[in-house]
Structures are given as structure tokens and as C-alpha cells.
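S.K.: Okay, here's the structure, questions in a sec.
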Amino acid sequence: MAHSGINVLFEGTNFARLMGGLWTAVWIAGLSLIFGLILGTILGMLRTLKNRVIRFILLLYLEFFRIVPTVVLLFLVYYILPRQFNVNWPAAWMAVLAFTLWVAAEFSDIVRGALESVPEHQRESGLALGLSQWQLFRYVLLPQALQLELPATINLATRVIKTTSLLLMISIMDIINVGQQIIEANNQNYPTGVFWVYGLIFILYFIIDYPLARWAKHLTAKQKD
Amino acid sequence: MKINWKKVITAGVTLVSAAALFVAANGVKPTHVNAALNESTVSAIKKRGQLRVAVFGDLPPYGWVNKDGKRVGYDVELARRMAKDLGVKPKFIQVNANNRVDTLNSNKADIVLANFTVTPERRQAVSFAKPYMKVSVGVVSPKNKKITKVSQLNNKKLIVTKGTTAENYFTSKQRGVQLMKFDSKTQQFNALKNNRAAALADDNSYLYAWVKRNPKYTVGIKSVGPHQYIAPAVKKGNSSLLNWSNKEITKLNKESFFTQDYNHQLKPYFGSEVKPSDIVLKQGK
């Protein structure tokens, strides 16, 4: 019986299961990005205010999420929250929570940077027109900041998608976890299965992340013009 | 009307921080932990209609997923039976070796059935029910230079993997044996195939599975040193599920459920060299 290792991908429902795992990773990343970007925009706006207390609290928040490794965050929400606070959501929602807080922290810094790099005369002109603080954000600063922050945002999105590979640490059936199940289950019949399974996972992550990376590059190039 | 945004926002942030502190201070109180424990009593499981079992997903033949995506294995078959006898459905939570304890303590699962060996250190963290399987250190050697007694190993080289019970046993109890230590299973078996030593020691259940694929070798010593037991584990203090599990295991032993389980799940991996009695505990024990 000469087996070709690639067949391990098509035994039984293996391929469908891997795709199911990919979908789990994608929806968790997608939802976290949506929530995280909304929350991050608000926090980023707050960080441009003059109030020192708010800026200090938000800076602490940003530094906490930037310094603590994502895998530790996942462990915190999955194992410590239920034990200490009796919050027991399904693992996938816990992951969305951890990723959202992380994305919001990172994005708040991107938004702050973008808002601050909008030329000062724009802000002054807005104020001279009699716009309120909110109107100034809504009609003058945010639309201009949006263009500046887009490449960095796309980079953040690719990082979030890649980081979903840590979800297996908290018992979520993401693509890596399903891949390992398949490798171990087929070790006897397909000793080279590990190569094919991880190879496919590599290609799938690449297919999702590469267009995003290209888009970011394209936008950055356009801004330089 | 002009709203003073700074004040509104400062008030908001202060309120949120205060609320977070309050929740933090309250959450740490033990009353909450006790409330959470009740999620795993027999009556709570029956009410929920679901037994949450922590199992392995990548350790054939104990807990793994077959090509149809179905969870199977010696531990999984026991889990399905326990759920059936409780009159509920099993819900599987996949764990790794090092998060089995945390999964119980953070109420992610009611019971762990994941090749969990009973050790004094683990007894501090969780409660073990009656064991349903035994393992011990075995020694594998080439068929043409078979090692059947530990005394044959004196002044000879023996391969072990670091951190295993085999290494522990031979280091502390059999000082006459020269140990060659490796980091992984793959390395240790390769070393044996290259005749780097007279024999190799590891958990006997791994060895049974390995000799089935490598027929030139045999498990000459099936068991050396003390037996170790594999048992279900529940959260510490969950006496309701612990008592039920003990009764269940006694009952299953009487109807030789574990021998059938062995024949279904383990026999295809271990081959004919091994008898159910090498792995399954004696009835009524």
C-alpha cells in the first residue's frame, strides 16, 4: 500500500473539518475586529483630550494590552475570569472578548496618532466655524484621520488573523487544533501527514492575509504621492 | 446648548473604574466560588441534560478524533457510557495534558477523562475517583536479544525519555543501569533502532502500540516498579459527582465494561501480545 501523504487531507471528512476550523478562526477574528475598532476609535478620541487623568488611564490600558502576551490574555479570560468572577461564557466568546480588548488598545494608539497628525490649521478652522468638540471630531478630524490610519489598521487585522492560531490553548476547535487531531489520528497510516496538514494551514492563512498585506502596501504607496 | 465633554467623559471614566474595582473586590470572595461549584453536582448535570467531559483530542487510542470527525477512544467510550447512565448527553471539551486541572477548577468541565494518572501532587489539586486503568513502566528490546528481567540490564545501556516515570524509576531504584536520556519519543525510538542501547523503558501502553508497528522488537518486561493508575478526576469538594463516579466504576467493572472497551478501542493498537488484564483493572478492585 503506497500512500501519498496528501491523501490525509481528503480522508473521510478531514477537509471539511479543517475548513470548519478556519471558519471558526475567521469569525472570531472578524467580530473582534469590528468590536475592537469601534471601541478603539472612541478610546483614541479620548486620548487626544487634554485631561491628564483620562490620558493616563488609557495609556495604562494600552501598555497593559501591548505588553501582556495574547496567550496570557486568553488564559486570563478563559481560566481566571470564571474562577474569580463566575463569568462563564462559551470559549469562543471569551476569545472575542480578549481579542476585542487587545484590538481596541492597539487601535486607540493608531487613532490617536492619526488624529494628532491632522494639520493643526484644520482643527483651528473648525473651531473658528463654531463647531462643537463632537462636530469637530465627526466632520473634520475623523474623516481625515481615517485615511491616515487605514494601512496600520489593515496590518493590525492581519496580525489578529494570525494570532487566532493561539485559540487552541483555550480548547477552541480552530484550524490548528483540528489539524493536530488529524495528524495524530493518522500517524500510523500517513507518517508524513504532519507536513501536508501544516502545509495546507500555511496556504490558507496566506490566502487570507496576503491580499490584506498587499492592500495596505498599496495604500501606503498612494499616500506618499 | 454646549455640553462640557471633558466633564462628562471624566465622570464616565471615574464611574467605570469604580465599578471595575467594586466587581474585582467582590469577585474574589469565596462565596462566588462555591456558587460555581454547584454547576457540577449530579443534580445540576441532570438538570442541564449535559455532562461536560474534558478529553484528549490527539492521543490515540485513548482520546482522539477519527476521520469522520467523531470523538473515539478508550476514555471517550467511558465518557459516553457515564453520560448515558446519568441520562444526559455528553459534551466534550478538548484539553491538553497541562490544562486538565484548570479546566476543572474554572468550571469548564464536570469531569476529566483524559488518561489522567493519579499522583500525590495532583491529589492536592483535584479529587480522583476509582481508577479504571493501570499503567506501569515496561522495557522493550530486540526479539533476538530479549531482556526479560531487570537484572539483565545491569551495566548495560537503557534508553529513556526525560521527565517520564520510567526515567524517575530507573534513576532512583535501579542504579546499576546506565541511562541514555532523550527529549522526545521519536528520538528515543530512533536510538533503539540504531542499537545505541540494549533496551528502552517507557510507559508500557506506548510500548505495546510501538512494537505492533515494529515487529522485530518485543516488550520483554511488561511491568516493572509500582503500578500507576488512571482515574476520572472531578473538582475538589464535588463529593456528589465523586461518589456517583465511584459507584459507576464499580458497576461497570462488574459487567466487564472495561474489557469490552479495551477490545473496541485499544486492541487494534496493541496487538495480540497484550491481554486486557495488562491494562484493565481486575473486577471489583
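Keeping their order, the protein sequence lines are chains A and B.
Here our numbering = 1-based position in the first sequence + 7.
Here our numbering = 1-based position in the second sequence + 1269.
Each residue gets a CB set at the ideal place from its N, CA and C atoms; glycine is no exception.
1) Give the range of the alpha helix (DSSP H) segment to which R73(A) is assigned.
2) Chain B beta carbons: is any one of them nearer than 7 Å to that of Q187(A)?
3) Taking E70(A) as the query, report the chain B residues whose CB atoms sit under 9 Å from its CB, ordered along the chain.
4) What is the rounded straight-line gap between the Cα of S1492(B) and the Cα of R90(A)?
5) Does P1359(B) come out as helix, strand or coil in the three-state DSSP assignment?
6) What is the rounded straight-line gap between the Cα of I45(A) and the Cα of L211(A)?
7) With 9 Å as the limit, tell me which residues of the stretch 81–99 of chain A have their beta carbon closer than that to any beta carbon of chain B; keep them in chain order.
8) Can you give me the start and stop residues for the beta strand (DSSP E) that V125(A) sits inside?
9) Which residues share a DSSP beta bridge with G1407(B)?
10) Are the stretch 1445–1458 of chain B and the stretch 1389–1399 of chain B in contact at 8 Å, needing three or more beta carbon pairs?
11) Residues in the same chain with beta-carbon distance under 8 Å from L175(A), minus the five sequence neighbours each way, listed in chain order, please.
12) For a contact defined as C-beta to C-beta under 8 Å, what are the partners of D1337(B) on chain A?
13) What are the boundary residues of the beta strand (DSSP E) that includes M26(A)?
14) Would you kindly report the start and end of the unbroken alpha helix (DSSP H) that includes V1370(B)?
15) Just reading off the beta strand (DSSP E) that K1504(B) is part of, what are its end residues?
16) With a threshold of 7 Å between beta-carbons, can A192(A) be considered close to chain B, or not?
17) Assuming I190(A) contacts G200(A) under a Cβ cut-off of 8 Å, what Cβ separation, rounded to an integer in Å, is found between them?
18) Count the other C-beta atoms from every protein chain shown that fall within 10 angstroms of the C-beta of W203(A), then say buried if there are 16 or more, exposed otherwise.
19) Using a Cβ-Cβ cut-off of 8 Å (strictly less than) and excluding sequence neighbours within five positions of I161(A), which residues of its own chain qualify?
20) For the alpha helix (DSSP H) holding I210(A), just list the boundary residues, first then last.
21) Give me the chain A residues within the contact set of P1616(B), using Cβ-Cβ distance strictly less than 7 Å, ordered along the chain.
22) Give me, in chain order, the residues of the same chain whose beta-carbon lies closer than 7 Å to that of V1297(B); leave out the 5 immediate sequence neighbours on both sides.
23) Mind checking if G1540(B) is an interface residue toward chain A, Cβ cutoff 7 Å exclusive?
24) Going by CA-CA distance only, name the one from W1479(B), V1345(B), R1321(B) and Q1443(B) that's closest to V1503(B).
25) Between N1473(B) and V1406(B), which are expected to be in contact by the criterion C-beta below 8 Å, what is the C-beta distance as a whole number of angstroms?
26) So, are the CB atoms of K1399(B) and I1518(B) less than 7 Å apart?
27) Assuming D216(A) contacts T170(A) (C-beta within less than 8 Å), just tell me the rounded distance between them.
28) Excluding the 5 residues preceding and the 5 following D1344(B) in the sequence, name in chain order all residues of the same chain whose CB lies nearer than 8 Å to its CB.
29) Taking the alpha carbon of L80(A) as the reference point, which residue from F209(A), I214(A) and I177(A) has its own alpha carbon closest?
30) Please list the partners that N5(A) has in chain B, where partner means a Cβ-to-Cβ separation under 9 Å.
31) Under a three-way DSSP split, which group does K1298(B) fall into?
32) For a cutoff of 7 Å on Cβ pairs, would you count S178(A) as touching chain B?
33) What number of angstroms, rounded off, separates the C-alpha of V1480(B) from the C-alpha of S115(A)?
34) Quick one: does R24(A) have its CB under 7 Å from some CB of chain B?
35) Using a Cβ cut-off of 8 Å, pull out every chain A residue sitting near N1424(B), in sequence order please.
36) From S1410(B) to G1489(B), what does the alpha carbon distance come to, in whole angstroms?
M.R.: If we stick to the structure as given:
1) Counting from 1 along the first sequence, the entry for residue 73(A) is found at position 66. Element bounds for R73(A): R59 to I74.
2) For the purposes of this step, residue 187(A) is identified with residue 180 of the first sequence, where counting begins at 1. Closer than 7 Å to some Cβ of chain B, the Cβ of Q187(A) qualifies, so yes.
3) Sequence index remark: in the first sequence, residue 70(A) carries index 63 (1-based). Ordered by position in chain B, no residue passes the 9 Å Cβ test against E70(A), which lies about 16 Å from the chain.
4) On the second sequence, position 223 is the one that residue 1492(B) refers to. On the first sequence, position 83 is the one that residue 90(A) refers to. Approximately 40 Å, taken between the alpha carbons.
5) Along the second sequence, read from residue 1 onward, the residue named residue 1359(B) stands at position 90. Three-state DSSP puts P1359(B) in a strand.
6) By 1-based counting over the first sequence, the position of residue 45(A) is 38. By 1-based counting over the first sequence, the position of residue 211(A) is 204. For I45(A) and L211(A), the distance between alpha carbons rounds to 28 Å.
7) F82, Y85, Y86, I87, L88, P89, R90, Q91, F92, N93, V94, N95 and A98
8) Position 118 of the first sequence, counted from the start, is the residue given in the question as residue 125(A). First-last for V125(A): undefined, no H or E at that position.
9) Here residue 1407(B) refers to the residue found at position 138 when the second sequence is read from its first residue. According to DSSP, G1407(B) bridges with D1471(B).
10) no
11) Position 168 of the first sequence, counting from 1, holds the residue named residue 175(A). Here the set comprises D181, I183, N184 and Q187.
12) The residue labelled residue 1337(B) in the question sits at position 68 within the second sequence. The answer, in chain order, is G19 and T20.
13) Locating residue 26(A) in the first sequence gives position 19, where the first residue counts as 1. Taken as a continuous stretch (DSSP letters only), M26(A) belongs to no beta strand (DSSP E), being part of the alpha helix (DSSP H) at N21 to R54.
14) Your numbering for residue 1370(B) matches position 101 in the second sequence. Run containing V1370(B): R1369 to N1374, per the alpha helix (DSSP H) assignment.
15) Position 235 of the second sequence, counted from the start, is the residue given in the question as residue 1504(B). Where K1504(B) is concerned, the enclosing beta strand (DSSP E) stretches over A1502 to K1504.
16) One-based indexing of the first sequence puts residue 192(A) at position 185. Output row for A192(A): interface = yes.
17) For the purposes of this step, residue 190(A) is identified with residue 183 of the first sequence, where counting begins at 1. For the purposes of this step, residue 200(A) is identified with residue 193 of the first sequence, where counting begins at 1. Correct: roughly 5 Å between the Cβ atoms.
18) Here residue 203(A) corresponds to residue number 196 of the first sequence, with the count starting at 1. Answer is buried; the Cβ neighbour count reaches 16.
19) In the first sequence, counting from the first residue as 1, residue 161(A) sits at position 154. L219, A220, W222, A223 and L226.
20) Residue numbering aside, residue 210(A) sits at position 203 when the first sequence is read from its first letter. It spans G200 to K231 - the alpha helix (DSSP H) in which I210(A) sits, taken as one unbroken run.
21) The first residue shown for chain B is 1270 and the last is 1554, placing residue 1616(B) beyond what the model contains.
22) As a position in the second sequence, residue 1297(B) is number 28, starting the count at 1. Confidence is the limiting factor: at V1297(B) the pLDDT is only 44, short of 50, which leaves the residue's position unreliable and the question unanswerable from this model.
23) Within the second sequence, numbered from 1, the residue matching residue 1540(B) stands at position 271. Cβ-Cβ to chain A under 7 Å: no for G1540(B).
24) Your numbering for residue 1503(B) matches position 234 in the second sequence. Closest by alpha carbon: R1321(B).
25) As a working note, residue 1473(B) is residue 204 in the second sequence. As a working note, residue 1406(B) is residue 137 in the second sequence. Right, the Cβ-Cβ distance comes to about 7 Å (below 8 Å), so this counts as a contact.
26) Taking the first residue of the second sequence as 1, we reach residue 1399(B) at position 130. Taking the first residue of the second sequence as 1, we reach residue 1518(B) at position 249. Closer than 7 Å, so yes.
27) Indexing the first sequence from 1 puts residue 216(A) at position 209. Indexing the first sequence from 1 puts residue 170(A) at position 163. So it is not a contact: roughly 11 Å between Cβ atoms.
28) Within the second sequence, numbered from 1, the residue matching residue 1344(B) stands at position 75. Taken in chain order, the residues that qualify are V1324, F1325, Y1331, G1332, L1382, A1383 and N1384.
29) The count along the first sequence starts at 1 and reaches residue 80(A) at position 73. Looking at the Cα atoms, I177(A) is the closest of the given residues.
30) The question about residue 5(A) has no answer, for chain A in this structure spans 8 to 232.
31) The residue you call residue 1298(B) lines up with position 29 of the second sequence. Model confidence at K1298(B) stands at a pLDDT of 41, short of 50, so the residue's coordinates are unreliable; what they give is reported in the following sentence. Note: K1298(B) maps to coil in three-state DSSP.
32) Residue numbering aside, residue 178(A) sits at position 171 when the first sequence is read from its first letter. Closer than 7 Å to some Cβ of chain B, the Cβ of S178(A) qualifies, so yes.
33) Residue numbering aside, residue 1480(B) sits at position 211 when the second sequence is read from its first letter. Residue numbering aside, residue 115(A) sits at position 108 when the first sequence is read from its first letter. Spanning the two alpha carbons is a distance of roughly 58 Å.
34) Looking up residue 24(A) in the first sequence gives position 17. Output row for R24(A): interface = yes.
35) In the second sequence, counting from the first residue as 1, residue 1424(B) sits at position 155. Neighbours of N1424(B) on chain A: none; closest Cβ ~35 Å, over 8 Å.
36) Residue 1410(B) sits at position 141 when you count from the first residue of the second sequence. Residue 1489(B) sits at position 220 when you count from the first residue of the second sequence. Whole-angstrom Cα-Cα distance: 6 Å.
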